[in-house]
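I have placed the structure first, in the form of structure tokens, so that the comments after it can refer back to it.
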Amino acid sequence: MSLFALGDTHLSLRTNKPMDIFNGWNDYVSRLEKNWRALVKDEDTVVIAGDISWEMHLEDTVKDFSFINSLPGKKIFLKGNHDYWWETKTKMEKFLSENSLNTISILFNNAFEVGDFCVCGTRGWFFDDESPEQEKLIQREVGRLNKSIDEAEKTGKEPIVFLHYPPITRNARCEEIYQTLVKRGVSRCYYAHLHGEAHKYAFQGESDGIAFSLISGDYLKFCPKLIEKIK
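Under the working numbering, read the sequence shown as residues 6 to 236, first letter to last.
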């Protein structure tokens, strides 16, 4: 059993929202499927760290979610900034059940045990937001992150944090999110969101005892990243 992750699948199998126009995204859906099937087994778990589907409404995501559901392993979704279809956890879980999308779970104020580890996290927020509601949005995400880590700690297993937005780059930090990770004693954090030229700004390595890694789909060349091989 293994834990994998990647972010930003940006699926649009029902709608015409091609990502292939961007450098590195050519034929990305078939590349993702090929790589996934070569690596992931049914007993494995894959965290998809946001920006999963371009659909605007939950009821329109069936084709995109069915594609993900058909791939090997269990999948854990967390919200990205382009996941406009995101609803309450209750509504999403009902939708998944009604559409027999039985390999997909939602990470939202909760946590999931995977072997000796516990997957937790939230969307996070971006450090350069200057909107009037910025502070309210950041504090809401801090609350969700703390709640998820709380749930992970109840299991007694090591929490591994996944975010959509990067809490740190080479030249900036979202202090509220970053300091929460430090205060909660998190040792590993994986994030997505950065694409193309923005890859060069990704902070990868250790800071304040936390190992940070970028898992955007195009950065990983649409190959799920092995987080932990679990005996």
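Virtual Cβ for every residue (Gly too), placed ideally from N, Cα, C. Predicted, not measured: the structure shown is a model, and the values here were computed from it.
Identify whether residue i lies in helix, strand or coil by the three-state DSSP scheme.
i, result
"Phe117", "strand"
"Ser237", "As displayed, the chain neither begins before 6 nor continues past 236, which places residue 237 out of reach and without an answer."
"Thr20", "coil"
"Arg42", "helix"
"Leu63", "helix"
"Glu202", "helix"
Counting only the same chain and skipping the five closest in sequence on each side, list residues whose C-beta sits under 6 Å from that of residue i.
i, result
"Arg193", "Ile165, Ala216"
"Arg189", "Ile154"
"Glu163", "Phe122"
"Arg149", "Asn114, Thr127"
"Leu63", "Trp90, Glu92, Phe100"
Closest by CA to residue i, which one among the options?
i, options, result
"Trp130", "Ile232, Tyr89, Ile182", "Ile182"
"Leu231", "Arg19, Leu18, Trp41", "Trp41"
"Met61", "Lys68, Phe72, Asp88, Glu138", "Asp88"
"Phe27", "Gln144, Ala203, Leu219, Leu44", "Ala203"
"Val119", "Leu106, Met97, Ala157", "Ala157"
"Phe70", "Ser102, Ile220, Val147", "Ser102"
"Gly201", "Ile220, Ile109, Ser35", "Ile220"
Looking only at its chain, what residues have a beta carbon closer than 7 Å to the beta carbon of residue i, apart from the 5 residues adjacent to it on each side?
i, result
"Met24", "His15, Trp30, Tyr33"
"Ser136", "none"
Taking only runs that begin and end inside the region 81-125, name each unbroken alpha helix (DSSP H) of 4 or more residues, in chain order. 94-103
Contact the region 46-61 vs the region 160-179: 3+ CB pairs below 8 Å: yes
Ignoring anything shorter than 4 residues or poking outside the region 145-198, list the alpha helix (DSSP H) runs there in chain order. 180-188
Assess, as a yes-or-no matter, whether the region 36-50 is touched by the region 72-92 under the definition of 3 or more beta carbon pairs within less than 8 Å. yes
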